[in-house]
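Going by numbering that gives the first Met the number 0, 8 is the number at position 9 of the sequence shown; the sequence numbering is gapless.
Ideal Cβ positions, reconstructed from N, Cα and C, are used throughout, including at glycine.
The block underneath contains the structure these notes are about, expressed in structure tokens.
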Amino acid sequence: MIVGIDARMYGLRHAGIGRYVKHLVEDIPPLSPTDTFILFVRQVDVGRVRRADNVEVVVADFRHYTLGEQVGLIQTLHRHKLDLVHFPHFNVPLFFREPFIVTIHDLLWHRVKGLAVTTLSPTTYLLKYLGYRLVARNAIKRSRTIIVPSNFVKHEIKDLEKITEDKITTIYEGVDSYGISSKDKAKQILAKYQISEPYLLYVGNVYPHKNLDRLLVAFSILRKKNFPQFTLVIVSSRNVFLGRLTKAIGRQKLLSAVKLTGFVSDEDLSKIYQQATLVVQPSLSEGFGLTGLEAMALGTPVAAAKSGSLPEIYGEAAVYFDPFNVEEMVEVIGEVVSNFDFRKKLIRLGWQRVVDYSWQTMAKETLKVYKQAVR
0 MIVGIDARMY GLRHAGIGRY VKHLVEDIPP LSPTDTFILF VRQVDVGRVR
50 RADNVEVVVA DFRHYTLGEQ VGLIQTLHRH KLDLVHFPHF NVPLFFREPF
100 IVTIHDLLWH RVKGLAVTTL SPTTYLLKYL GYRLVARNAI KRSRTIIVPS
150 NFVKHEIKDL EKITEDKITT IYEGVDSYGI SSKDKAKQIL AKYQISEPYL
200 LYVGNVYPHK NLDRLLVAFS ILRKKNFPQF TLVIVSSRNV FLGRLTKAIG
250 RQKLLSAVKL TGFVSDEDLS KIYQQATLVV QPSLSEGFGL TGLEAMALGT
300 PVAAAKSGSL PEIYGEAAVY FDPFNVEEMV EVIGEVVSNF DFRKKLIRLG
350 WQRVVDYSWQ TMAKETLKVY KQAVR
């Protein structure tokens, strides 16, 4: 079996999808040494990918959502006589006609739309949105199998795109393990980013659906009520909406109480997770919810929105709030922050929960999908 993997989104600069692609290309090939895996990567990643003996790396330097992707990528894939291609994102070239499977991480753009969720002009946004719908629908309809990271996404695809359930396979993603660092090492990292304790932590991009506006309102109320000593740390390397977020911070008079770190390496981020009093995940919709699991793995409790896949993924190991209800957000966060025994309980449940999420398991189950798809 010769499998091609579109690895143009390899690495942490592509956030959660990049981490997923990294584990696809590094964890699957060693499990099947008699098969060949050809990775199609951007030029910048050629030397970064860890390769097993049965892996070939091919440069496919085509940006996503471009004409080059639609034409050049097809030509590059055709040259290698592949039995199957795995596209880890919905952007499958429209005229690619060889067997493929696709991973759909969420259908966010299907539901969260309009000028409030973009920085583009109305005309540009409309064209981009219509292009997204066309490309995503093409990928969903023609894929031999659709891999999703949660049953929540599975049901969304089934309902919104009228796809039969047997075409969709749920494969949970994993959690990287960094281990607990000494307090001295962790505090050195906090000093590096000028983070003062105690603090609440949010990790992720700052797009509108992440619901940070309401989190800021809730945080402002919390500080005025009983927790004036707390800061809010926001770790995000994506800055398309950073201007909007900064204005929202100013409106709440929180400029001195909110720390925007910018990009943080995995090694440093693990220490920032570890020292947080609480990780807050207020998003209106998530296909998986990796950040909460990362927090649990490092012994930090999680408060999350009762929305999307989060209750499915976190189970009883997190405490939940209505993401549209600021008062409830304040109440839930305040309860965790003020109750040491409750935090300890959540930490214990979190450690038990993360055992269910393994990149090795993801790799084994994905390999099974490959083999079934080429029969």
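If you count every other CB in all the chains shown that lies within 10 Å of the CB of Lys184, and 16 or more means buried, which is it?
If you number the sequence shown from 1, residue 184 lands on position 185. Exposed is the call here.
Check whether chain C comes within 8 Å of Leu345, counting only Cβ atoms and requiring the distance to be less than that.
Protein chain content of the structure displayed is limited to a single chain, and chain C is not contained in it.
Just verifying my parser: in three-state terms, what is the DSSP assignment at Lys224?
In the sequence shown, the residue the question calls residue 224 occupies position 225. Helix.
Whose CA, out of Tyr9, Pro281, Lys140, Ser149, lies closest to the CA of Arg62?
Taking the first residue of the sequence shown as position 1, residue 62 is located at position 63. Of the listed residues, the one whose Cα sits closest to Arg62 is Tyr9.
Please go through the same chain and pick out, in chain order, the residues whose beta-carbon is closer than 8 Å to the beta-carbon of Val45, but skip the five residues on each side of it.
Residue 45 sits at position 46 when you count from the first residue of the sequence shown. Correct list, in chain order: Val56, Val58.
How about the segment 300–313 and the segment 254–262: do they share at least three Cβ pairs that are nearer than 8 Å?
Too few Cβ pairs lie closer than 8 Å, so no.
Any idea if Tyr171 is buried or exposed, counting beta-carbon neighbours within 10 angstroms, 16 or more meaning buried?
Here residue 171 refers to the residue found at position 172 when the sequence shown is read from its first residue. The residue is buried, with at least 16 neighbouring Cβ atoms inside 10 Å.
If you drop the 5 nearest sequence neighbours on each side, which residues of the same chain put their C-beta closer than 7 Å to that of Val353?
Counting from one through the sequence shown, the residue named residue 353 turns up at place 354. The residues are Val174, Leu292, Met295, Ala296.
Only counting runs of 3 or more residues, tell me where the beta strand (DSSP E) segments fall wholly within the segment 62–126, in order along the chain.
Correct list: 83–86, 99–102.
Is Lys209 a contact residue of the ligand SAH, with contact defined as CB to any heavy atom under 7 Å?
You won't find the ligand SAH in this model; it holds no ligand whatsoever.
Let me confirm a value: Ala190 is counted as buried when at least 16 other C-beta atoms fall within 10 Å, else exposed. Which label applies?
Looking up residue 190 in the sequence shown gives position 191. Label assigned to Ala190: exposed.
Would you identify the three-state DSSP class for Leu38, choosing helix, strand or coil?
On the sequence shown, position 39 is the one that residue 38 refers to. Three-state result, Leu38: strand.
If the criterion is Cβ atoms closer than 8 Å, does the pair Arg143 and Pro98 meet it?
On the sequence shown, residue 143 is found 144 positions in, with the first residue counted as 1. On the sequence shown, residue 98 is found 99 positions in, with the first residue counted as 1. Taking 8 Å as the Cβ cut-off, Arg143 and Pro98 qualify as a contacting pair.
Pick out whichever of Glu364, Ala14, Glu334 has its Cα sitting closest to the Cα of Asn225.
Sequence index remark: in the sequence shown, residue 225 carries index 226 (1-based). Nearest C-alpha to Asn225: Glu334.
Using only the alpha-carbon positions, how far apart do Glu68 and Lys186 sit?
Here residue 68 refers to the residue found at position 69 when the sequence shown is read from its first residue. Here residue 186 refers to the residue found at position 187 when the sequence shown is read from its first residue. Cα-Cα distance, rounded: 44 Å.
Applying the 10 Å Cβ sphere with the 16-neighbour rule, what's the burial state of Asn210?
Counted from its first residue, the sequence shown places residue 210 at position 211. Buried, by the Cβ-count rule.
Would you mind reading off the limits of the alpha helix (DSSP H) that contains Lys367?
Taking the first residue of the sequence shown as position 1, residue 367 is located at position 368. That run of the alpha helix (DSSP H) goes 358–372.
Identify every run of the beta strand (DSSP E) within the segment 230–260, keeping only runs that are complete inside it and at least 3 residues long; order them along the chain.
Runs of the beta strand (DSSP E) inside the segment 230–260: 230–234, 257–259.
Counting Cβ pairs closer than 8 Å, one from the segment 247–261 and one from the segment 282–292, do we hit at least three?
No, the segment 247–261 does not touch the segment 282–292.
For Glu164, which three-state DSSP category applies?
As a first step, residue 164 must be located in the sequence shown, where it is residue number 165. Correct three-state label for Glu164: helix.
Candidates Gly17, Met0, Arg12: which alpha carbon is nearest Ala6's?
Here residue 6 refers to the residue found at position 7 when the sequence shown is read from its first residue. Comparing Cα-Cα distances from Ala6 to each of Gly17, Met0, Arg12, the minimum goes to Gly17.
Could you work out which residue in Pro92, Ile146, His79 is closest to Val101 when comparing CA atoms only?
In the sequence shown, residue 101 corresponds to position 102, counting from 1. Nearest of Pro92, Ile146, His79 to Val101, Cα basis: Ile146.
Whole angstroms are fine: how far does the CA of Glu25 sit from the CA of Ile1?
The residue labelled residue 1 in the question sits at position 2 within the sequence shown. The residue labelled residue 25 in the question sits at position 26 within the sequence shown. The alpha-carbon atoms of Ile1 and Glu25 are separated by roughly 16 Å.
In angstroms, rounded to a whole number, what distance separates the CA positions of Arg213 and Leu81?
Stepping through the sequence shown from its first residue, residue 213 is reached at position 214. Stepping through the sequence shown from its first residue, residue 81 is reached at position 82. Near 48 Å, if we compare the C-alpha coordinates of Leu81 and Arg213.
In chain order, what residues of the same chain have a beta carbon less than 7 Å from the beta carbon of Val368, not counting five sequence neighbours either side?
Taking the first residue of the sequence shown as position 1, residue 368 is located at position 369. Excluding residues within five positions, the ones whose Cβ falls inside 7 Å are Ile100, Thr144, Ile146, Thr168.
So Gly456 and Thr290 are in contact, right, with Cβ under 8 Å, and what is the actual spacing, rounded?
One cannot answer for residue 456 here, as it falls past the ends of the chain, which runs 0 to 374.
Quick one: grab the DSSP three-state call for Gly3.
The residue given as residue 3 occupies position 4 in the sequence shown. The answer is strand: DSSP assigns Gly3 an E or B state.
Do Ile27 and Leu254 count as a contact pair if the criterion is CB distance below 8 Å?
In the sequence shown, the residue the question calls residue 254 occupies position 255. In the sequence shown, the residue the question calls residue 27 occupies position 28. Going by C-beta atoms, Leu254 is not nearer than 8 Å to Ile27.
Kindly provide the ranges of any alpha helix (DSSP H) runs that are 4 or more residues long and lie completely inside the segment 304–329, ordered along the chain.
For the segment 304–329, whole alpha helix (DSSP H) runs of length 4 or above, ordered along the chain, are 309–313.
Taking the straight line between their C-alpha atoms, what separation do you get for Asp267 and Ile188?
Residue 267 sits at position 268 when you count from the first residue of the sequence shown. Residue 188 sits at position 189 when you count from the first residue of the sequence shown. About 6 Å.
Determine whether the beta carbon atoms of Val20 and Phe36 lie at a separation below 8 Å.
If you number the sequence shown from 1, residue 20 lands on position 21. If you number the sequence shown from 1, residue 36 lands on position 37. No, they are not a contact pair.
Need the endpoints of the beta strand (DSSP E) that Leu200 sits in, please.
As a working mapping, residue 200 is identified with position 201 in the sequence shown. Its beta strand (DSSP E) spans residues 198–202.
In this structure, does DSSP put Ile179 in helix, strand or coil?
As a first step, residue 179 must be located in the sequence shown, where it is residue number 180. Coil at Ile179, not helix or strand.
Kindly indicate which three-state DSSP category Ile271 falls into: helix, strand or coil?
Sequence index remark: in the sequence shown, residue 271 carries index 272 (1-based). Three-state DSSP puts Ile271 in a helix.
Tell me whether the beta-carbon of Val205 lies closer than 8 Å to the beta-carbon of Phe240.
Locating residue 205 in the sequence shown gives position 206, counting from the first residue. Locating residue 240 in the sequence shown gives position 241, counting from the first residue. Yes, Cβ-Cβ distance for Val205 and Phe240 is below 8 Å.
Give the single residue among Ile179, Ile73, Tyr192 whose Cα lies nearest to the Cα of Gly298.
Looking up residue 298 in the sequence shown gives position 299. Closest option to Gly298, Cα to Cα, is Ile179.
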